[in-house]
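Right, one structure below, let's go through it.
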Amino acid sequence: MTALKEYQRLECTGLWRDAADGQRREVIVSFGDATLVISETRSARALTHWSLPATHRRNPGRRPAFYSPGPDAGEELEIDDEAMIAAISKVHRLIAARRPHPGRLRGILLGALLVAVLALGLAWMPQALIRHTAEALPFSKRQEIGRAALADLTRLTGPACAAPEGRAALQRLRNHLVGASGDVIVVPDALGRAAHLPGGLILIARPLIEAQDTPEPAAGAILAESQRLLADDPMIDLLDHAGLRATLALLTTGDLPAGALAGYGERLLARAPAPVTDQGLLKRFAAAGLPATPYAYMLDPSGESVLGLIEADPFRKIAPPGPILSDSDWVALQGICAN
C-alpha cells in the first residue's frame with residue numbers, strides 16, 4: 038500500500054548520497070504509506086527511510102528533482118521519474134491543504150521524531166551487532182578466522198617463516214611467555230614491529246629477531262602485543278572491515294562469506310599499535326621473569342620516552358631467574374626465516 042489510493046505500488050531508481058560530501062550511488066526508491074524507502078539496488082536492503090511529510094524538495098519546478106529528508110539535512114536523493122515526482126508533490130499538496138486542522142503539526146513532529154529514531158538506530162546497530170557477534174564466537178572459530186586473515190596478510194609480508202628448528206624454538210618461547218593457546222608467527226617483510234589477529238595470533242617482524250643480539254627485545258614485543266590483544270579485541274576491527282552483511286552471515290551461518298577479508302592485510306599494516314600502560318606491561322615482564330630494559334631500549338635507544346619502563350624494570354637491581362631462551366634455541370630462532 039502507498040500513501041495515495043491510485044498507487045498500489047510505486048518504485049523507481051534514483052541517485053542517493055548519505056552526506057553532503059558522500060559518494061552518490063544508485064538506489065531503489067519505494068513510495069510507501071508514510072515513508073520513502075531507499076534501498077540497495079542489488080540486495081534490496083533498506084539503507085534509510087524518509088518521512089514523506091518531512092521530505093524536502095530542493096529545486097522546485099526543475100528536473101531532475103533533488104530531495105532531502107529535511108531542509109538542513111546532508112542526505113540527498115535525485116529522482117527523474119515523473120510518476121514518483123508527481124506522487125511526492127501530491128502528498129505535499131494534501132498536507133498543505135490540511136495543515137490548519139488540529140493535530141496535523143503533532144503528526145508531522147512525530148514523523149520527524151520517527152525518522153530521527155530510525156536514523157539513530159541505523160547508526161548504532163552495526164557496531165552493536167559487530168560487538169555481539171565478536172563476543173559470541175568460540176575460540177576455535179576465532180582461530181579459523183585469524184588464520185584466514187593471516188593468509189590475506191601474507192600477500193604483503195610473504196609467507197610466515199617456518200624453518201623447523203627455529204619454529205620449535207619460537208614455540209618454546211611462546212609457551213614461556215603467553216602459554217600454549219594461540220600462536221606466535223614471524224613474518225619476513227612489511228610489518229613494523231608486532232601485530233595481532235583473532236585467535237591469539239601474535240605476529241612479529243623478522244628484524245626483531247635477526248637484528249637483535251639477545252632474545253629479550255623480541256620476547257618483550259610478544260608480551261606487549263599479548264597485552265594489547267587482551268585490551269583490544271581484534272575481531273571487532275576485522276568484522277568492521279568485513280562489513281555488516283558479512284557479520285550477519287557469520288552470526289547466522291557460522292561462516293564469513295568468501296572474499297570478506299580481502300584487503301584486511303593493508304588495513305592491519307596501516308593501523309597504529311594501541312598504547313599499553315607501563316603498569317600492566319611491567320606485571321607481565323615480572324611474571325615471565327623477563328627484564329624490561331632491553332625491550333625499552335629497542336623502542337627508544339635514547340631511553341627518554343621509555344624511562345618509566347627502565348626505572349621500574351622488575352629486574353633492574355636483581356638478576357632474572359634464568360635466560361628466556363638457551364643459546365642454542367636463540368641461534369635456531371635467528372635462523373627461522375632461512376630458506
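Each number in the working numbering corresponds to the 1-based position in the sequence shown with 37 added.
The C-beta atom is built at its ideal place from N, Cα and C for all residues, glycine as well.
No experiment lies behind these values; they were computed from the predicted model shown.
| Query | Result |
| --- | --- |
| Leaving out five residues on either side along the sequence, give the residues of the same chain with a beta carbon under 7 Å from the beta carbon of Asp366. | Ala206 and Arg209 |
| Are the segment 162 to 173 and the segment 269 to 276 touching by the rule of at least three beta carbon pairs closer than 8 Å? | yes |
| So, Thr72 versus Leu52, is the Cβ gap smaller than 8 Å? | no |
| My guess is that Ala199 and Arg230 are in contact by the Cβ rule of under 8 Å, so how many angstroms apart are they, rounded? | Incorrect: roughly 20 Å between the Cβ atoms, too far for contact. |
| Rounded to whole angstroms, what is the Cα-Cα separation between Gly296 and Pro357? | 47 Å |
| Measuring CB atoms only, is the segment 309 to 317 touching the segment 183 to 201, in the sense that at least three cross pairs come out at less than 8 Å? | no |
| Would Pro201 be called buried (16 or more neighbouring beta carbons within 10 Å of its own) or exposed? | exposed |
| Decide if His138 is buried, meaning its Cβ has at least 16 other Cβ atoms within 10 Å, or exposed. | For His138, the predicted model reports a pLDDT of 49, less than 50, meaning its position is unreliable; a value from the coordinates is still stated below. Answer is exposed; the Cβ neighbour count stays below 16. |
| Just curious, the beta strand (DSSP E) that Ile116 is in, first and last residue? | Glu113 to Ile116 |
| Using only alpha-carbon positions, find the residue among Gly340, Ile241 and Ala299 that is nearest to Cys374. | Ile241 |
| With burial defined as no fewer than 16 other Cβ atoms inside 10 Å of the residue's Cβ, what is the status of Leu344: buried or exposed? | exposed |
| Nearest CA to the CA of Asp109: which residue from Ala133, Gly317 and Thr92? | Thr92 |
| Please confirm whether Ala11 and Ile246 have their CB atoms less than 8 Å apart. | No answer is possible for residue 11: it lies beyond the span of the chain, which begins at 38 and ends at 376. |
| Would you grab the beta carbon distance between Thr251 and Pro351 for me? Rounded to a whole angstrom, and I think it's under 8 Å. | That belief does not hold up - the Cβ atoms of Thr251 and Pro351 are roughly 17 Å apart, past 8 Å. |
| Does the beta-carbon of Pro360 have 16 or more other beta-carbons within 10 angstroms, so that it is buried, or is it exposed? | exposed |
| In this structure, how does DSSP classify Ala307 when only helix, strand and coil are distinguished? | helix |
| I'd like to check one pair, Leu266 with Gly237: are the Cβ atoms closer than 8 Å? | yes |
| Report the residue from Leu293, Gln316 and Asp55 whose alpha carbon sits nearest the alpha carbon of Ala186. | Leu293 |
| Quick check on the DSSP output: what are the complete beta strand (DSSP E) runs of length 3 or more inside the segment 178 to 242, in order along the chain? | 220 to 224, 231 to 234 and 238 to 242 |
| Going by DSSP in three states, His138 sits in which element: helix, strand or coil? | Summary for His138: the model assigns pLDDT 49, below 50, so the residue's position carries little reliability; its value from the coordinates is reported in the next sentence. Correct three-state label for His138: coil. |
| Give the range of the beta strand (DSSP E) segment to which Ser105 is assigned. | Ala102 to Ser105 |
| Roughly how many whole angstroms lie between the Cα atoms of Ala268 and Ala171? | 14 Å |
| Buried or exposed: Leu114, going by 16 or more other Cβ atoms within 10 Å of its Cβ? | buried |
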